[in-house]
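Take a look at the structure set out below.
In the working numbering, the protein residues as written are -1 to 152.
Here is the structure:
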């Protein structure tokens, strides 16, 4: 839409109209963007959940997490997935390791506490009561005492 500009007032009016049109277009664009964003929210949540299962987040990796990942990887590849296809043997341990990593990152202290308690319970057995065994020197001294007591009584 072209308007004929004949003087400075027409130029100022046209400039104001165009600025207003830019502002209105920007507002419409933001509204449409927000609508699209709302429509894509369920898909975004599903994608974030899938991403949380698939992405390694080992910034604060602990020895417990490394041990569990090694154990899960070995257990899955050598027993459960021993006869599976190569794709399954590649994907399943990866997802399982990421799941274990997330679980350990959230429950690291509780896992360590349970492990320490289990080890403590297994190592604290009742100690057998040891009877005192008299040594050679003690036996000799007891014999001398016995003889001297017998001599005094006579």
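Yeah, the Cβ is synthetic: ideal placement off N, Cα and C, and Gly gets one too. Just so it is clear, the structure is predicted and the values come from calculations on it, not from any experiment.
query: Pair every Cβ in the region 36 to 51 with every Cβ in the region 61 to 75, then say whether three or more of these pairs are closer than 8 Å.; result: no
query: For the region 21 to 82, list the alpha helix (DSSP H) runs that are entirely contained and at least 4 residues long, ordered along the chain.; result: 39 to 52 and 61 to 73
query: Quick one: what's got a C-beta closer than 6 Å to residue 109's C-beta in the same chain, skipping five residues either side?; result: 62
query: Just to confirm, are residue 67 and residue 117 a CB contact at a threshold of 8 Å?; result: no
query: In the structure shown, what three-state DSSP assignment does residue 138 receive?; result: helix
query: Looking at residue 12 and residue 1, is the spacing between their C-beta atoms short of 8 Å?; result: yes
query: Does residue 95 pass the burial test, meaning 16 or more other C-beta atoms within 10 Å, or should it be called exposed?; result: buried
query: Rounded to a whole number of angstroms, what is the C-alpha to C-alpha distance between residue 33 and residue 27?; result: 10 Å
query: So residue 105 packs on residue 91, CB below 8 Å; how close in whole Å?; result: The Cβ separation is near 21 Å, so there is no contact.
query: So is residue 102 buried or exposed if we call it buried at 16+ other beta carbons inside 10 Å?; result: buried
query: Which residue marks the beginning of the alpha helix (DSSP H) containing residue 3, and which one marks its end?; result: Counting along the chain, residue 3 falls outside any alpha helix (DSSP H), and DSSP gives it neither H nor E.
query: In the DSSP assignment, the alpha helix (DSSP H) including residue 85 goes from what residue to what residue?; result: 84 to 121
query: Determine, for residue 95, whether the minimum Cβ-Cβ distance to residues of chain C falls below 8 Å.; result: The structure shown contains no chain C; it holds only a single protein chain.
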